[in-house]
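For the record, the sequence lines run as chains A and B.
Take any residue in the first sequence, count from 1 to its spot, add 55: that is its number in this note's numbering.
Take any residue in the second sequence, count from 1 to its spot, add 55: that is its number in this note's numbering.
The beta carbon of each residue, even a glycine, is placed where N, CA and C say it ideally should be.
In what follows, a structure is listed as structure tokens, so that the remarks can point back to it.
2 protein chains.
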Amino acid sequence: MKIPLENIHKPSLLVDEAICRENIRRMADKARRLGVQLRPHFKTHQSKLIGRWFREEGVSAITVSSVSMASYFIEDGWDDITIAFPVNLRESHEIISLASKTRLNILVTMPETLEAFSGLLNNGNQPIGVFIKIDTGYHRTGLQPSNEEEIEKIIAICNSNPLLKFTGFLTHTGQTYQARGREEIERISREAFMQMLALKASFGTLPIILSVGDTPACSILENFQGMDEIRPGNFVFYDVMQTVIGSCDTGSIAVCLACPVVSKDSSRNEIVVYGGAVHLSKESLMYGEQLIFGLVCRLSGKGWSAPLKNCYVSGLSQEHGIVKVTSEVFSSIRPGDLLGILPVHSCLTAQSLGSYLIDGKLADAHM
Amino acid sequence: MKIPLENIHKPSLLVDEAICRENIRRMADKARRLGVQLRPHFKTHQSKLIGRWFREEGVSAITVSSVSMASYFIEDGWDDITIAFPVNLRESHEIISLASKTRLNILVTMPETLEAFSGLLNNGNQPIGVFIKIDTGYHRTGLQPSNEEEIEKIIAICNSNPLLKFTGFLTHTGQTYQARGREEIERISREAFMQMLALKASFGTLPIILSVGDTPACSILENFQGMDEIRPGNFVFYDVMQTVIGSCDTGSIAVCLACPVVSKDSSRNEIVVYGGAVHLSKESLMYGEQLIFGLVCRLSGKGWSAPLKNCYVSGLSQEHGIVKVTSEVFSSIRPGDLLGILPVHSCLTAQSLGSYLIDGKLADAHM
């Protein structure tokens, strides 16, 4: 990669195209090898350009988390999209309008919502696929798998309207983000898959797609045990959180925030960078004994280094990042230099920046 | 105020103009009464429109936290601006260019930086004011008041270049954000003011401006004990954090995030709204026994209610907000309704949204 160091004046999110494409290729290969469809979640990168890198690896179906994000990717020719967020009735007309342009799946958690939505559909639209969100243990949204009554109601609404097509069950095992290591991720996934398979069996006469797959599970598992589709998102960039979970090592992190050094404090071995909560988000995590907001790298014209040992972002305010470093690193850094920060949570960092620097060229994104 | 409930389809940041103008008026009155200049920090709202409300209260000098923010407000006629962020040498040319358009003050924490910056100045520019950042206990950036050697070096650089004018000392007592209640805020402020006054006395032959003032201190103090200038920012909107600190009550919070309700879970009395970390930021705080990400209000066409008792945002993911409510509230809310969320940290919420809904009209901001 090429980093135009001299032209970086403000916090800029660098993408290492080679690492990013390798992350995409590895997941696409795994999906093919294990016989599941990869429907990657594009909320992490929200970029048409990066979307095309997926297409080059044979990906044709995607997931997004908002109606406007679906609209953005339709503009770039994507024509098989799941909006993996409970239907927002206030955007019904936008959703219906998108369904005239693309094969669209929506996500439903309550019969009441689908009933209201169903009444708004007009002949002339192509049928909209309906996934029922199932809560397999994350407890954010979704019906309990045991709640067959509500599930049946949703399916009945689909059956009563030719413009709705019951498509399958979808779950997000976000509890893997609290997991540490392979075994725990495998256990969480296995439990979720068993619930999904049992549910499919209860409604066995219908063709049903089972859709699963957070980044930790999709990075680690080598067996999707009857699942049809996986929807990882974060893996395109990975981040420090994923290294702590065990999904990847730091060499697979494909984004790095380039930050100008603006001050130093020798009494605390702290470096202050231009790069704060409005760039990295306030996402933090325990890294060993430390609460951190990012890891620290050196930048060259060709890329970023491995994270510097015992150096980390220890605090953030709106525009400031406080970087704790060793004495050796401290003495080698001067105001006006650039430091690289590997983000704790790349999705939120990408969202905050709203654009990328890829091989020296600015690439806009949806945010 | 007027809220166009029917036209809100996505998370939208409502501003109550009457509350906001009252917050501005109260602070402007206090500054006049106590004989200090109000140089409000515009990083909270980043809006030309809201900036004009300050002008109508007699405010003529402002603070910003980035070079691009200074540029944005210069476009709207502001001509006395302090960039309260350590000089970023990589933006030297932008800073120098701004100084040809406005009376500009910069912030310096190291002689080394000012030396490098000084060498770039050309005749023809008007002099740039230089504030030295002093660390009075927050330990984020700034020189220790005892570090007279470095302070003298910075003043000497100013004296050696007619295009630099040493202006005074500036501190940010951000440690008030950890304070709870009047006494603690007064103690922190008093200690900071004493350090600033002692510093001024040591350099007593020079005309020196002492600039202080975070929102908690400026909201609570009735005596600025010799300080010349205050720079509060957050008070324009306030937020839940400020109510916990003791700067205001919830009736002074001037922004509220309108969020569509997209799902309900009766087993947990939880409501899911469209409104997540990308809208509210991940800022949280302990509110009584609970870690919360916001308080919850009802919306009408005329404004928002007081926060609903025992209701709060308990979790956020990228686009989802999880709202814990009482059984009574739960049963009264339906998918497609709107809920209002009072943010924990209004600066970051405003930054995330990038625009406001003020009396039904969309107002863009700098972000």
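Output yes if chain A places a C-beta closer than 8 angstroms to the C-beta of Val-267 of chain B; else output no. no
Who are the Cβ neighbours of Phe-109 of chain A in its own chain at under 7 angstroms, not counting the five residues just before and after it? Ile-79 and Pro-95
In terms of residues, what are the limits of the alpha helix (DSSP H) holding Arg-53 of chain A? Outside the modelled stretch of chain A, which goes from 56 to 422, sits residue 53 of chain A, for which no answer is possible.
On the three-state DSSP scale, how would you describe Tyr-342 of chain B? strand
Taking 8 angstroms as the threshold (C-beta atoms), are Ala-418 of chain B and Leu-69 of chain B in contact? no
Is the stretch 400-411 of chain B in contact with the stretch 374-391 of chain B, if contact means three or more CB pairs nearer than 8 angstroms? no
Exposed unless 16 or more other CB atoms sit within 10 angstroms - verdict on Gly-281 of chain B: Result: exposed.
Listed by chain order, chain B residues near Asn-214 of chain A by CB distance under 8 angstroms: Under the 8 angstroms cutoff, chain B gives no residues; its nearest Cβ is about 21 angstroms from Asn-214 of chain A.
Any alpha helix (DSSP H) of 4 or more consecutive residues that is wholly inside the stretch 297-348 of chain A: 332-335
With C-beta atoms as the reference, is Leu-159 of chain B less than 8 angstroms away from Gly-184 of chain B? yes
Go to Leu-69 of chain B, then tell me how far its beta strand (DSSP E) extends in each direction, as first and last residue. 67-70
Gly-391 of chain B CB to nearest chain A CB: under 8 angstroms? yes
According to the Cβ coordinates, are Thr-137 of chain A and Thr-191 of chain A closer than 8 angstroms? no
Kindly indicate the opening and closing residues of the alpha helix (DSSP H) around Ala-125 of chain A. 122-129
Take every Cβ of the stretch 311-329 of chain A, pair it with every Cβ of the stretch 279-293 of chain A, and state whether three or more of those distances are shorter than 8 angstroms. no
Thr-404 of chain A beta carbon less than 8 angstroms from that of Val-310 of chain A: yes
Is the stretch 83-100 of chain A close to the stretch 57-76 of chain B, with three or more CB pairs under 8 angstroms? No, the stretch 83-100 of chain A does not touch the stretch 57-76 of chain B.
By the criterion of Cβ-Cβ separation under 7 angstroms, what are the contact partners of Glu-338 of chain A in chain B? Lys-337
Please report the straight-line C-alpha distance between Phe-128 of chain B and Ala-420 of chain B, rounded to a whole angstrom. 10 angstroms
Could you round the C-beta distance between Ser-302 of chain A and Pro-262 of chain A to whole angstroms and report it? I think they count as a contact, below 8 angstroms. Actually they are not in contact, since the Cβ atoms of Ser-302 of chain A and Pro-262 of chain A sit about 32 angstroms apart, beyond 8 angstroms.
Ends of the alpha helix (DSSP H) at Phe-224 of chain B? Unbroken run through Phe-224 of chain B is the beta strand (DSSP E), 219-225; no alpha helix (DSSP H).
Assuming His-375 of chain A is part of the beta strand (DSSP E), what are its boundary residues? 375-379
For Asn-160 of chain A, which three-state DSSP category applies? strand
With DSSP collapsed to three states, give me the class of Tyr-232 of chain A. helix
Hey, quick one: how far does the alpha helix (DSSP H) through Leu-261 of chain B stretch, first residue to last? No alpha helix (DSSP H) holds Leu-261 of chain B; DSSP gives it neither H nor E.
According to DSSP, simplified to helix, strand and coil, what is Glu-112 of chain B? Coil.
C-beta atoms of Glu-77 of chain A and Phe-140 of chain B nearer than 8 angstroms: no
Would you give the residue range spanned by the alpha helix (DSSP H) that Ser-386 of chain B belongs to? 382-387
Using a C-beta to C-beta distance shorter than 7 angstroms, which residues of chain A count as neighbours of Ser-102 of chain B? Those do not exist, as Ser-102 of chain B stays about 15 angstroms from chain A at its closest Cβ, beyond 7 angstroms.
With 16 other CB atoms within 10 Å as the buried threshold, where does Ala-73 of chain B fall? Ala-73 of chain B should be labelled exposed.
Alpha helix (DSSP H) segment containing Ala-418 of chain A, residue limits: No alpha helix (DSSP H) contains Ala-418 of chain A, which is instead part of the beta strand (DSSP E) from 416-419.
Residues of chain D with CB closer than 7 angstroms to the CB of Met-165 of chain A, please, in chain order. Note that chain D does not occur in the displayed structure, where the protein chains are A and B.
Which residues of the stretch 393-408 of chain B have a Cβ closer than 9 angstroms to any Cβ of chain A? Give them in chain order. Leu-393, His-400, Cys-402, Leu-403, Gln-406 and Ser-407
Work out the CA separation of Glu-203 of chain B and Phe-258 of chain B for me, nearest whole Å. 10 angstroms
Between the beta-carbon of Gln-230 of chain A and the beta-carbon of Ile-243 of chain A, is there less than 8 angstroms? yes
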